[in-house]
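Q: This is the structure, below, for whatever I ask next.
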Amino acid sequence: MKILVPIKRVNDYNVKVRPNQSNTDVDLSNVKMAVNPFCEIAIEEAIRIKESGNADEVVVVTVGDEKHQEQLRTALALGADRAIHVKTENPLQPLDVAKVLVKVFEKELPELVLMGKQGIDGDHNQTGQMLAAMLGLPQATFASKVELQSGIVEVTREIDGGLETLKAELPAIVTTDLRLNEPRYASLPNIMKAKRKPIDELDLGALAVSLENRVELVAVESPAERQEGVKVESVDELVDKLKNEAKVIE
Amino acid sequence: MKTLVLVEHDNAEVAAATLSTVKAASSLGQEIDLLVTTSSQDVVQKASKIEGVSKVLSFVDGQFGNEIAEDIAECVVQVANDYNFFLASSSTTGKNNLPRFAALLDIQQISEVIEIIDKTTFKKPIYAGACIATVKTNQEKNVLSIRTTAFDKASAESGNAEIVEMPLTDTSSKKSAFVKNELTESDRPELTSADIVISGGRGMQDADNFKLLDGIASKLNAAVGASRAAVDSGFAPNDYQVGQTGKSVAPNLYIAVGISGAIQHLAGMKDSKTIVAINKDEEAPIFKVADYGLVGDLFEVLPELESKL
Ligand SMILES: Cc1cc2nc3c(=O)[nH]c(=O)nc-3n(C[C@H](O)[C@H](O)[C@H](O)COP(=O)(O)OP(=O)(O)OC[C@H]3O[C@@H](n4cnc5c(N)ncnc54)[C@H](O)[C@@H]3O)c2cc1C
Ligand SMILES: Cc1cc2nc3c(=O)[nH]c(=O)nc-3n(C[C@H](O)[C@H](O)[C@H](O)COP(=O)(O)OP(=O)(O)OC[C@H]3O[C@@H](n4cnc5c(N)ncnc54)[C@H](O)[C@@H]3O)c2cc1C
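Here the protein sequences line up with chains A and B, keeping their order.
Residue numbers for the first sequence follow this note's numbering, beginning at 1 and rising by one.
Residue numbers for the second sequence follow this note's numbering, beginning at 251 and rising by one.
So this is what it looks like as structure tokens:
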């Protein structure tokens, strides 16, 4: 069985990203970049499935500019077998990314697609669901447990009220949530080995996907800052303030 | 053209999130219809009472008892011609369903909308709320997920919408099936719509200690939330998580106990009206957003607080 893992290059989650000077976009110059944390969880899950003998091959794919190769190398160092780089200079929106991934899916024909539930930059939470819709395949989003049985995958999902379990026929699209696993770190020998693993390069233009500028970014601003409040000295003072100043309790 | 709002419910009650979504929809200034997929007529009746709604498109059938995104997307696509806006809340249900039919209709969805400026221009937080983006759509049809904490609620009582029973095609998806739910039992108010929320973090140390929050929550009729660290460590169930990748809340009062105030946590609560932080580290970043900070050991503060409320 083959598992396809689409991954995204994003800011390191420790970095607080700010608007640029002209407030037209975010300022990502000098920002440390990384594999999107949810994609790391997807890579880890795919590798564990392979290690347990339920998959033969883990293929990672990313859509983006030259620098995205860094994240593909990271994924290869973590244990992915090979990588596909769909090259483009334009930042794509989730619908476009999904259209590109449809082409990659049709070429690779994986039984399972494991991907992040959201990019921590745009916070869209769309690409997996869109890919599933376009392929007419079942989706299981926000997975905290993934179990493969013959021809099906059983997925426990983190939903607002608790947990929900679904069964889906393979091939299926599964998006990861935080509790699915704790990703490993790449070892130095594996980082060295990853340098020799293959990265297939595809030009976006060659995939015959028509992309349109559907949603434009007009401005990026900092949110209104909260005023730092006061320190209270005691529980009595806190209760008093909440009752008589903020008037939020009785 | 009209606006279609997807109704969220548990087959008994309409979710508060839907009322906020209808309110958001009203600022588009067009007629609003609702779409309900459910196993219970009850919910359809209740939906028809929501303020400002013209019609309720009702898909009632056993197959809709547990919502499968594939099936719901089919229902929406079936009626899509009459609408140019499709809205749902950015709950896990909305997040699961909206992109599925958006893709079938070839629409780029706009997620987590906090402000509708006009019919083409919207604001949404990005990068864990560190920035607010204004985006402009060039599409004729749009799909919006609504961050409900940014909008008031429509009245659940004052409406009188026409109920339209929709013909049922067999939408039950063949490729996936519901297995089971393990829902968190609680008599407390729902986290995202509660007036008061008290959340615990890693500082609570274990699941037993986490119960120290319960007494205070009962006295204040508050919902209980948690940081990611508390959920990851098994102190609290996943649906308690507040933050960038959990739930967004904006209650009148948010009490953060043993939470350091990472940007991912702040993303889900910094729009609360009044914020209280209880932390033994006076340098903790949570104090930067707190109206009232109490530096102290939570194991001493919490019992005293409970006794004085
Ligand atoms: C400040 C800002 C400005 C932007 N401006 C523009 C703009 O002007 N024009 C424009 O077209 N778009 C713009 N975008 C869109 C941006 O490129 C999207 O964030 C991106 O296309 C995908 O969104 P996401 O990761 O949030 O999707 P999600 O749906 O949250 O991603 C979920 C998962 O999809 C997969 N995935 C997502 N992207 C890729 C990828 N590239 N390769 C492989 N797998 C992937 C990953 O598995 C990921 O975990 C902007 C975004 C931001 C934050
Ligand atoms: C992709 C991604 C998504 C994330 N999404 C979220 C999210 O949605 N929500 C979220 O919350 N986090 C999220 N995080 C995690 C976030 O970065 C922080 O790690 C997390 O919020 C920390 O939780 P905490 O404040 O409980 O723990 P810590 O940062 O460990 O803080 C514990 C605090 O407790 C205090 N404390 C300890 N003992 C006591 C005591 N006896 N009395 C009083 N105070 C005490 C300490 O001083 C400290 O400030 C995400 C991270 C990533 C990478």
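The beta carbon of each residue, even a glycine, is placed where N, CA and C say it ideally should be.
Taking only beta-carbon positions, decide if B:F314 is within less than 8 Å of chain D.
A: Given the protein chain composition of this structure (A and B), no chain D is represented.
Q: Determine the chain A residues that contact B:V545 at a beta-carbon separation under 7 Å, and present them in chain order.
A: Simply K231.
Q: A:L105 lies in the alpha helix (DSSP H); which residues open and close that run?
A: Correcting the residue identity first, residue 105 of chain A is Phe in this sequence and not Leu. Counting along the chain, the alpha helix (DSSP H) containing A:F105 begins and ends at 94-108.
Q: Got a sec: does ligand 2 put a non-hydrogen atom nearer than 7 Å to the Cβ of B:N529?
A: yes
Q: Tell me which same chain residues have a C-beta within less than 8 Å of the C-beta of B:I300, skipping the five on either side of it?
A: V264, T268, L269, V272, L284, A404, S405, A406, G409, A411
Q: Can A:Q71 be considered in contact with ligand 2, in the sense that its beta carbon sits closer than 7 Å to one or more heavy atoms?
A: no
Q: Is DSSP giving A:P19 helix, strand or coil here?
A: strand
Q: When the distance is taken between beta carbons, is B:S361 closer than 8 Å to A:P138?
A: no
Q: For A:A133, return the contacting residues in chain B, with the cut-off set at a CB-CB distance below 9 Å.
A: A319, E320, A323, P349, R350, F351, A352, A353, L354
Q: At a CB-CB cut-off below 7 Å, which residues of chain A make contact with B:K520?
A: R226
Q: Do A:K2 and A:V86 count as a contact pair if the criterion is CB distance below 8 Å?
A: Annotated as distal: A:V86 and A:K2, with beta-carbon spacing of 8 Å or more.
Q: Just grab the DSSP bridge partners of A:P189 for me.
A: Answer is none; A:P189 lacks a bridge partner.
Q: Going by other Cβ atoms of all chains shown within 10 Å of its Cβ, with 16 needed for buried, is B:P417 buried or exposed?
A: exposed
Q: Measuring only from the beta carbon, is A:P37 closer than 7 Å to any heavy atom that is part of ligand 2?
A: yes
Q: Return yes when at least one heavy atom of ligand 2 lies under 7 Å from the C-beta of B:F460, else no.
A: no
Q: Please compile the residues from chain B whose C-beta is within a distance smaller than 9 Å of the C-beta of A:V60.
A: Going along chain B, no residue has its Cβ under 9 Å from A:V60, so there is no contact; the nearest lies around 22 Å.
Q: Please tell me whether B:L433 has its Cβ less than 8 Å away from any Cβ of chain A.
A: Chain A, which has a Cβ nearer than 8 Å to the Cβ of B:L433, makes this yes.
Q: For B:F428, go through chain A and note every residue whose CB falls closer than 7 Å to its CB, in chain order.
A: L166
Q: Looking at chain A, is there any beta carbon in it that lies within less than 8 Å of the beta carbon of B:Q389?
A: yes
Q: I'd like to know if B:G508 contacts chain A, where contact means its C-beta is closer than 8 Å to some C-beta of that chain.
A: With 8 Å as the cut-off, B:G508 does not count as an interface residue toward chain A.
Q: Closer than 7 Å: is that where the CB of A:L180 sits relative to any heavy atom of ligand 2?
A: Short note on A:L180: C-beta not closer than 7 Å to any heavy atom of ligand 2.
Q: The segment 107-137 of chain A: which residues have C-beta closer than 9 Å to a C-beta of chain B, in chain order?
A: K117, Q118, I120, D121, G122, D123, H124, N125, Q126, T127, G128, Q129, M130, L131, A132, A133, M134, G136, L137
Q: Looking at the strands, I want to know which residues DSSP matches up with B:C381.
A: B:I376
Q: In chain order, which continuous runs of the beta strand (DSSP E) of length 3 or greater are located wholly inside the segment 409-459 of chain B?
A: 412-415, 426-433, 446-450
Q: Tell me, please, whether the CB atom of B:A380 is closer than 8 Å to any CB atom in chain A?
A: yes
Q: At 8 Å on the CB atoms, spell out the chain B contacts of A:A42, in chain order.
A: Result: empty, since nearest Cβ-Cβ is about 14 Å, beyond 8 Å.
Q: Just to confirm before moving on: does the CB-CB distance between B:A500 and B:D521 stay below 8 Å?
A: yes
Q: For chain B, find out if any of its Cβ atoms is closer than 8 Å to the Cβ of A:P223; answer yes or no.
A: yes
Q: Applying the 10 Å Cβ sphere with the 16-neighbour rule, what's the burial state of B:D489?
A: buried
Q: Might you give, ordered along the chain, the residues of its own chain that have their beta carbon closer than 6 Å to the beta carbon of B:L462, omitting 5 neighbours on each side?
A: L552
Q: Going straight from the alpha carbon of A:P189 to that of A:A77, what length do you get?
A: 9 Å
Q: Taking B:P535 as the query, report the chain A residues whose CB atoms sit under 9 Å from its CB, ordered along the chain.
A: Here the premise fails: no neighbours, minimum Cβ distance about 11 Å.
Q: So, A:V102 versus A:L131, is the Cβ gap smaller than 8 Å?
A: Their beta carbons are under 8 Å apart, which means A:V102 touches A:L131 by this criterion.
Q: Note down, in chain order, every chain A residue with its Cβ under 7 Å from the Cβ of B:A540.
A: G229
Q: Counting C-beta neighbours from all protein chains within 10 Å, is the total for B:N431 16 or more, i.e. buried, or is it exposed?
A: Answer is exposed; the Cβ neighbour count stays below 16.
Q: Could you tell me whether the Cβ atoms of B:I367 and B:L278 are closer together than 8 Å?
A: no
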